[in-house]
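Notes for the one structure printed next.
In our numbering, the protein residues as written are 38 to 173.
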(Lines of atoms letter the chains of each structure in order from A and count residues from 1; the text may use other names and numbers.)
(Lines give C-alpha, C1' and ligand atoms only; values in the text may rest on other atoms or scores of the structure.)
Protein backbone atom coordinates (compact mmCIF):
# COMPACT_ATOMS: atom_id res chain seq x y z
CA UNK A 1 0.00 0.00 0.00
CA UNK A 2 1.43 3.31 -1.05
CA UNK A 3 -0.51 6.13 0.55
CA UNK A 4 1.74 8.80 -0.91
CA UNK A 5 -1.24 10.56 -2.54
CA UNK A 6 -3.76 10.27 0.31
CA UNK A 7 -2.97 13.41 2.30
CA UNK A 8 -3.11 17.09 1.40
CA UNK A 9 0.16 18.88 0.96
CA UNK A 10 1.84 20.38 3.99
CA UNK A 11 4.41 23.09 4.44
CA UNK A 12 7.07 20.62 5.58
CA UNK A 13 7.36 17.08 4.22
CA UNK A 14 9.83 14.70 5.88
CA UNK A 15 10.54 11.20 4.60
CA UNK A 16 11.73 8.72 7.23
CA UNK A 17 13.33 5.42 6.29
CA UNK A 18 14.28 2.99 9.07
CA UNK A 19 16.46 -0.08 8.94
CA UNK A 20 13.97 -2.92 8.81
CA UNK A 21 14.11 -4.45 12.27
CA UNK A 22 11.98 -3.86 15.37
CA UNK A 23 14.87 -2.24 17.25
CA UNK A 24 15.18 0.36 14.48
CA UNK A 25 11.58 0.82 13.34
CA UNK A 26 10.24 1.60 16.81
CA UNK A 27 12.74 4.40 17.60
CA UNK A 28 12.29 5.93 14.13
CA UNK A 29 8.50 5.87 14.53
CA UNK A 30 8.82 7.42 17.99
CA UNK A 31 10.92 10.24 16.49
CA UNK A 32 8.30 10.76 13.78
CA UNK A 33 5.48 10.87 16.30
CA UNK A 34 7.42 13.40 18.36
CA UNK A 35 8.04 15.62 15.32
CA UNK A 36 4.38 15.33 14.31
CA UNK A 37 3.20 16.35 17.77
CA UNK A 38 5.32 19.52 17.80
CA UNK A 39 4.59 20.89 14.35
CA UNK A 40 1.04 20.97 13.00
CA UNK A 41 2.04 21.67 9.40
CA UNK A 42 4.45 18.76 9.06
CA UNK A 43 3.75 15.67 6.97
CA UNK A 44 5.90 12.60 7.59
CA UNK A 45 6.10 9.71 5.16
CA UNK A 46 7.40 6.56 6.86
CA UNK A 47 8.86 4.19 4.27
CA UNK A 48 8.88 0.41 4.80
CA UNK A 49 8.55 -2.70 2.65
CA UNK A 50 5.14 -4.14 1.88
CA UNK A 51 5.81 -6.94 4.38
CA UNK A 52 6.69 -4.52 7.18
CA UNK A 53 3.63 -2.43 6.38
CA UNK A 54 1.61 -5.56 7.10
CA UNK A 55 3.29 -5.80 10.51
CA UNK A 56 2.94 -2.14 11.56
CA UNK A 57 0.33 -0.59 9.27
CA UNK A 58 -2.50 -0.81 11.78
CA UNK A 59 -0.58 0.68 14.72
CA UNK A 60 -1.79 4.01 16.08
CA UNK A 61 -0.06 7.06 14.65
CA UNK A 62 -0.87 10.74 14.20
CA UNK A 63 -2.84 11.75 11.11
CA UNK A 64 0.18 13.60 9.73
CA UNK A 65 2.32 10.44 9.73
CA UNK A 66 1.58 8.14 6.82
CA UNK A 67 3.09 4.98 5.42
CA UNK A 68 4.51 4.46 1.96
CA UNK A 69 5.89 1.16 0.76
CA UNK A 70 8.59 -0.19 -1.47
CA UNK A 71 8.40 -3.74 -2.84
CA UNK A 72 9.66 -6.69 -0.82
CA UNK A 73 13.19 -6.62 -2.25
CA UNK A 74 14.78 -8.10 0.88
CA UNK A 75 14.38 -11.51 2.54
CA UNK A 76 11.31 -11.91 4.71
CA UNK A 77 11.52 -10.92 8.35
CA UNK A 78 10.21 -14.39 9.12
CA UNK A 79 13.32 -16.13 7.73
CA UNK A 80 16.07 -13.54 7.88
CA UNK A 81 17.74 -15.08 10.96
CA UNK A 82 18.68 -18.11 8.84
CA UNK A 83 20.77 -15.88 6.53
CA UNK A 84 21.58 -12.64 8.31
CA UNK A 85 24.50 -11.88 5.98
CA UNK A 86 22.19 -12.20 2.97
CA UNK A 87 19.61 -9.99 4.67
CA UNK A 88 22.15 -7.25 5.38
CA UNK A 89 23.52 -7.48 1.83
CA UNK A 90 19.99 -7.13 0.43
CA UNK A 91 19.24 -4.09 2.60
CA UNK A 92 22.47 -2.46 1.47
CA UNK A 93 22.00 -3.16 -2.24
CA UNK A 94 18.33 -3.80 -3.11
CA UNK A 95 16.41 -1.00 -1.40
CA UNK A 96 18.07 2.10 -2.83
CA UNK A 97 16.47 2.02 -6.29
CA UNK A 98 12.89 1.37 -5.08
CA UNK A 99 13.31 4.08 -2.44
CA UNK A 100 14.44 6.59 -5.04
CA UNK A 101 11.53 5.65 -7.32
CA UNK A 102 9.13 6.16 -4.42
CA UNK A 103 10.53 9.65 -3.79
CA UNK A 104 9.84 10.48 -7.43
CA UNK A 105 6.20 9.41 -7.06
CA UNK A 106 5.42 11.49 -3.99
CA UNK A 107 2.95 14.28 -4.65
CA UNK A 108 4.89 16.66 -2.43
CA UNK A 109 8.69 16.44 -2.58
CA UNK A 110 10.38 16.02 0.79
CA UNK A 111 12.36 18.83 2.36
CA UNK A 112 14.29 16.34 4.48
CA UNK A 113 15.13 12.64 4.54
CA UNK A 114 15.72 11.06 7.95
CA UNK A 115 17.46 7.73 7.45
CA UNK A 116 18.63 5.04 9.80
CA UNK A 117 22.37 5.26 10.26
CA UNK A 118 22.66 1.72 8.81
CA UNK A 119 21.24 2.94 5.48
CA UNK A 120 24.00 5.13 4.00
CA UNK A 121 22.47 4.81 0.54
CA UNK A 122 19.53 6.97 1.69
CA UNK A 123 21.95 9.85 2.30
CA UNK A 124 23.34 9.38 -1.23
CA UNK A 125 19.80 9.44 -2.65
CA UNK A 126 19.16 12.71 -0.82
CA UNK A 127 22.39 14.18 -2.18
CA UNK A 128 21.49 13.18 -5.75
CA UNK A 129 18.05 14.76 -5.38
CA UNK A 130 19.30 17.88 -3.55
CA UNK A 131 17.29 16.95 -0.47
CA UNK A 132 19.03 17.36 2.89
CA UNK A 133 19.39 14.04 4.66
CA UNK A 134 20.09 13.25 8.29
CA UNK A 135 21.27 10.00 9.80
CA UNK A 136 19.39 8.76 12.88
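Using N, Cα and C, we set each Cβ at its ideal position, and we do this for glycine too.
Just so it is clear, the structure is predicted and the values come from calculations on it, not from any experiment.
- Non-local C-beta neighbours of residue 73 in its own chain, meaning closer than 7 Å and more than five positions away in sequence, comprise 79, 81, 99, 101 and 102, ordered along the chain.
- Runs of the beta strand (DSSP E) lying entirely within the segment 50-91 and spanning at least 3 residues, in chain order: 79-86.
- Taken in chain order, the complete alpha helix (DSSP H) segments of 4 residues or longer contained in the segment 99-159 are 121-131 and 133-142.
- Non-local beta-carbon contacts of residue 128 in its own chain, meaning distances under 8 Å to residues more than five positions away in sequence, involve 56, 57, 111, 155 and 156 in chain order.
- Taking residue 123 as the centre and dropping the five residues before and after it, the same chain places the C-beta of 112 closer than 7 Å to its C-beta, in chain order.
- Of 162, 118 and 120, the smallest CA-CA separation from residue 148 is found for 162.
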